[in-house]
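Undergrad: Got a structure for you, written out below as structure tokens; questions coming shortly.
There are 2 protein chains.
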Amino acid sequence: MMRATVMYGAGDVRIESVPEARIVERTDALVIVTHACICGSDLWPYRKLEHTDTGLRMGHEFIGVVEDVGADVRSVKRGDVVVAPFMWSDGTCEFCEQGLQTSCLHGGFWGGTELDGGQGEAVRVPQADGTLVALPLGRGDSLMPSLLTLSDVMGTGHHAAVVARAGAGRIVAVVGDGAVGLCGVLAARRLGAEQIILLGRHADRIALGREFGATDVVSERGEEAIERVLELTGGLGAHSVLECVGYEESTNTALRIARPGGAVGRVGVPQDAAMPAAQSTFRKNITIAGGPAPVRAYMAELLPDVMEGRIEPGRVLDRVTDLDGVPDGYRAMNEREAIKVMISF
Amino acid sequence: MMRATVMYGAGDVRIESVPEARIVERTDALVIVTHACICGSDLWPYRKLEHTDTGLRMGHEFIGVVEDVGADVRSVKRGDVVVAPFMWSDGTCEFCEQGLQTSCLHGGFWGGTELDGGQGEAVRVPQADGTLVALPLGRGDSLMPSLLTLSDVMGTGHHAAVVARAGAGRIVAVVGDGAVGLCGVLAARRLGAEQIILLGRHADRIALGREFGATDVVSERGEEAIERVLELTGGLGAHSVLECVGYEESTNTALRIARPGGAVGRVGVPQDAAMPAAQSTFRKNITIAGGPAPVRAYMAELLPDVMEGRIEPGRVLDRVTDLDGVPDGYRAMNEREAIKVMISF
């Protein structure tokens, strides 16, 4: 048996003994987890999940050491330090070849009732060749927090910035000051944006956002936030907007602060079936793009910047715990005590 | 006085005497209309407009002869045959310079209560230099119907195809078999698409769609239409989808038949405040783009193909009337007797 995080319902997160992770398919790897995270998206079930007797294994961001590989695995070997994206993918299907590994025809999510999650001692990794990326360092390295963000939040912020066409000469607005929004600020600056407007209301997060490159902060909400962004952009709105929350209100704000011809990158998981502002986005020819970030595709581009210290997204991980502290880590993130919690094994 | 089309409410279209069109600003031109159209978008008020005592001047697609120009007009002169886009624009603002004339900071729509509309004997054209394009032919030319579609429907179908990234190697689906949808088929073929799936149910329109390049036709609706498109695309959906209707059902269909990483170009005027399928488009990283087509920007690209007969979008104009026949033209289009009506003065 091994120990892992299991969620049984809203607010009910437990550390339990579960069956030992092991190789099942010839394409699997077995990874001993050394670092993992609690994700903002883990808070959706933490707030809303109905009770389940089976429980759901949790965690989709992790770094670890390869303990064993199946017979067909070629790209990683025992002893490698590896980072996993928040979805696993075969690396060879039509969508993987296009760099959209989150739509892999033979991939999927971690955890749940069928697979191991990252918030546990070990993980069976399906499609190891397509999924894992070996890191050129040892397990104690100080770059670990930043490398860990390549699993999800840094790649997700980058995705929002890319699909919103952030870059030189563009005004970027970032809706949401959570870990993804803050990484979105970092990504926008990395891509060359000069004016970066962060919409958020938490002093600690805003302070980090300014260090990451935000030039303006808007802490109003709703219509007032929209007016304030218009004031900051000569009345026209932002060229690129990153939606990093997922609620209807934040989506409405994001869609309405984009200027005509602008683009909105959605990476906050939408909590509603419909999207607002269908008519105003039409009138203004706004492009709406985004979705689950193909972070596996972005690792090659972002890894050198992390290794050479040009970006330090790991600063969003402002609390560290061991596995036993995970339930309290969920609580702390849900109550906005912590931006994002790292689990060190 | 001159004669023009005025709408007073749903189903209430009249030909009336109105004040003579004349030059007001130094940037105006006065155009004597020779050819105009009734638009599918004119049918929205034809079905829903509440009674108004003032009435609304109608028509936004026209070709005519320049009768006079204001002192500052440089690009057209008396005697020129000109085509007008469905919105007027100054040609010099930030958005015009980007080719997004439908968001011109000093532009607007034809007709209504303030301006002349195209469905009348003459039009005062604001911002003539930015708005009008001179045509290299006389007023009786047989190319007139196709040239007239550059005012709106051909440029609009082209816009949908462009923003949906139609092109070589891509599977394109076109939702709607109206004039815009049919022009979308033509635009998709022009851009190199090989498989073009037309979703429509009217035999005459489908027949023209096949001549324009549709390789498959889907006449089912709702969930059945979605299933049928998936069958035709190896279960994956279309790379590029053109939404050419504007109803919630057609939008839902369009958004759900796009494959992961695909793009939907919206040109049907949305009739609802919310957009469906917010979550499934997110999961699949669908890009949603489009809006009022900057047909003024597309004229330079499309005009040579019309002049040299490579495309014949004027075939969507399957009925011709004089000004007195306009009210019956609205009725015929609304009852699907005609695809699109041309008015010849």
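Just so you know, the protein sequences line up as chains A and B, in that order.
Our numbering applies: residue 1 is where the first sequence begins, and numbers increase by one.
Our numbering applies: residue 1001 is where the second sequence begins, and numbers increase by one.
From the three backbone atoms N, C-alpha and C, an ideal C-beta is built for every residue, glycine too.
Quantities reported herein were computed from a predicted structural model and do not represent experimental measurements.
1) Is the CB of B/I1288 under 8 Å away from at least one CB in chain A?
2) Please name the residue, chosen from A/A297, A/T253, A/E61, A/I311, that lies closest to A/V123 on a Cα-to-Cα basis.
3) Can you tell me whether A/R315 is buried or exposed? The criterion is at least 16 other CB atoms within 10 Å of its CB, across all chains shown.
4) Using the three-state DSSP reduction, which class does A/Q195 fall into: helix, strand or coil?
5) Where do the N-terminal and C-terminal ends of the alpha helix (DSSP H) with A/T156 fall, by residue?
6) On the DSSP letters alone, give me the boundaries of the beta strand (DSSP E) that B/Y1008 sits inside.
7) Against chain A, does B/D1042 count as a neighbour if the rule is that its beta carbon must be under 8 Å from one of theirs?
8) If the criterion is Cβ atoms closer than 8 Å, does the pair B/M1333 and B/L1043 meet it?
9) Once DSSP output is grouped into helix, strand and coil, what is the label at B/R1189?
10) What residues from the stretch 75-100 of chain A come within 8 Å of chain B, judged by C-beta to C-beta, listed N to C?
11) Could you have a look at B/K1077 and say whether DSSP puts it in helix, strand or coil?
12) Please name the residue in B/M1002, B/R1165, B/A1258, B/E1114 whose C-alpha comes closest to that of B/E1231.
13) DSSP state of A/C37, grouped into three classes?
14) Tell me which same chain residues have a C-beta within less than 8 Å of the C-beta of A/L100, skipping the five on either side of it?
15) Decide if A/G235 is buried, meaning its Cβ has at least 16 other Cβ atoms within 10 Å, or exposed.
16) Any residues in the stretch 1290-1314 of chain B with a beta carbon nearer than 9 Å to a beta carbon of chain A? Which ones, in chain order?
17) Could you pull the DSSP bridge partners for B/W1088 from this structure?
18) Kindly indicate which residue of B/V1326, B/P1276, B/A1338, B/V1341 has the alpha-carbon position closest to the one of B/V1013.
19) So, is the C-beta of A/R103 closer than 8 Å to a C-beta in chain B?
20) Taking 8 Å as the CB-CB limit, is A/Q195 close to chain B?
21) Could one say the Cβ of A/A278 lies closer than 8 Å to chain B's Cβ atoms, at least one of them?
22) Do B/G1111 and B/R1047 have their C-beta atoms within less than 8 Å of each other?
23) Where does the unbroken beta strand (DSSP E) through B/E1243 begin, and where does it stop?
24) Counting only Cβ-Cβ distances shorter than 7 Å, please list the residues of the stretch 146-174 of chain A near chain B, keeping chain order.
25) Measuring only the C-alpha atoms, how far is B/A1071 from B/L1317?
26) Could you give the residue range of the beta strand (DSSP E) that holds A/F345?
27) Measuring straight from C-alpha to C-alpha, what distance separates B/I1038 and B/L1191?
28) Please report how far the alpha carbon of B/D1141 lies from the alpha carbon of A/G176, in whole angstroms.
29) Apply the 10 Å Cβ neighbour rule to B/Q1119 and answer buried if 16 or more other Cβ atoms are within range, or exposed otherwise.
30) Determine, using beta carbons only, whether A/M348 comes closer than 8 Å to chain B.
31) Go ahead and label B/M1144 buried or exposed: buried means 16 or more other beta carbons lie within 10 angstroms of its beta carbon, across all protein chains shown.
32) Which residues, taken in chain order from the stretch 57-72 of chain A, show a beta carbon closer than 7 Å to some beta carbon of chain B?
33) Going by Cα to Cα distance, which pick from A/G107, A/S344, A/I171 is closest to A/C93?
34) Below 7 Å CB to CB, which residues in the same chain sit around B/G986 once its five sequence neighbours on both sides are set aside?
35) Checking the sheet assignment: what are the DSSP bridge partners for B/G1290?
36) B/S1041: which of B/F1345, B/S1344, B/K1340 sits nearest, CA to CA?
TA: The structure says:
1) yes
2) A/E61
3) buried
4) strand
5) 153-163
6) 1002-1009
7) no
8) yes
9) helix
10) E94, F95, Q98, L100
11) coil
12) B/A1258
13) strand
14) P294, A297
15) exposed
16) G1290, G1291, P1292, A1293, P1294
17) B/G1108
18) B/V1326
19) Checking the displayed sequence, the identity of residue 103 of chain A turns out to be Ser instead of Arg. Cβ-Cβ to chain B under 8 Å: yes for A/S103.
20) no
21) yes
22) no
23) 1238-1243
24) none
25) 36 Å
26) Careful: A/F345 lies outside any beta strand (DSSP E) and carries neither H nor E.
27) 27 Å
28) 58 Å
29) buried
30) The first residue shown for chain A is 1 and the last is 345, placing residue 348 of chain A beyond what the model contains.
31) buried
32) none
33) A/G107
34) Summary: the structure shown does not reach residue 986 of chain B, with chain B confined to residues 1001 through 1345, and so no result is reported for it.
35) B/R1266
36) B/K1340
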